[in-house]
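What follows is a set of notes on a single structure, which appears directly below.
Protein chains: 2
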Amino acid sequence: MRPGRTEGRDMKARVHVMLKNGVLDPQGEAVRHALGAMGFEGINGVRQGKVIELDLAEGTTEADVSAMCEKLLANTVIESYSVEIS
Amino acid sequence: MRPGRTEGRDMKARVHVMLKNGVLDPQGEAVRHALGAMGFEGINGVRQGKVIELDLAEGTTEADVSAMCEKLLANTVIESYSVEIS
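Chains as they are written, first to last, in my numbering: chain Y, 16 to 101; chain E, 16 to 101.
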């Protein structure tokens with residue numbers, strides 16, 4: 016019915032941005048303490064990061080998404096990122 | 016050398032918390048506009064959420080992690096969560 020729509024499939028990318036190891040994560044520490052205070056046991060560590068889901072037009076490459084991470088989504092001095100395309 | 020350490024393997028859980036569909040995501044919209052302003056094209060939508068990585072003691076179950084999500088990590092009125100154990 017709508018050939019343009021059938022042809023141009025959506026592309027999804029999921030970007031994870033986490034603080035690098037060794038960088039203090041006060042948000043994660045706060046979550047760890049809160050879980051302990053609520054009675055949850057056996058929690059040795061918590062790190063909190065961001066996940067960004069992008070709906071992309073067909074033809075966008077993983078390199079494009081990496082460029083977005085380098086320039087905007089992650090602060091590469093203190094954060095690392097990973098890109099999953101699906 | 017340290018049998019206790021060899022035996023008690025760490026367990027990792029990764030929790031994704033995203034705003035439910037239909038809930039306005041101003042953070043994601045801000046990212047989408049910023050990427051557009053920087054010259055990136057073909058971005059149809061952006062949703063931003065949280066990722067929480069938990070280091071857990073052996074014996075913690077996925078049900079325990081779901082309980083943590085229900086009680087603290089996610090606001091289930093407006094957010095959905097998913098748990099991956101590894």
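Virtual Cβ for every residue (Gly too), placed ideally from N, Cα, C.
Counting along the chain, the unbroken alpha helix (DSSP H) around residue 46 of chain E starts and ends at 41-52. Here residue 27 of chain E carries a strand assignment [DSSP, helix/strand/coil]. Distance from the Cα of residue 88 of chain Y is smallest, within the candidate group E/36, E/35 and E/63, for E/63. Here residue 95 of chain Y carries a strand assignment [DSSP, helix/strand/coil]. Residues of the same chain with a CB within less than 6 Å of the CB of residue 69 of chain E, apart from the 5 flanking positions on each side, are 28 in chain order.
Residue 61 of chain E and residue 43 of chain E do touch by the CB rule: their CB atoms are close to 4 Å apart, below 8 Å.
In the three-state reduction of the DSSP assignment, residue 35 of chain Y falls in the coil class, being assigned neither a helical nor a strand state. Taking 9 Å as the cut-off, the beta carbon of residue 101 of chain Y is found no closer than this to the beta carbon of residue 33 of chain Y.
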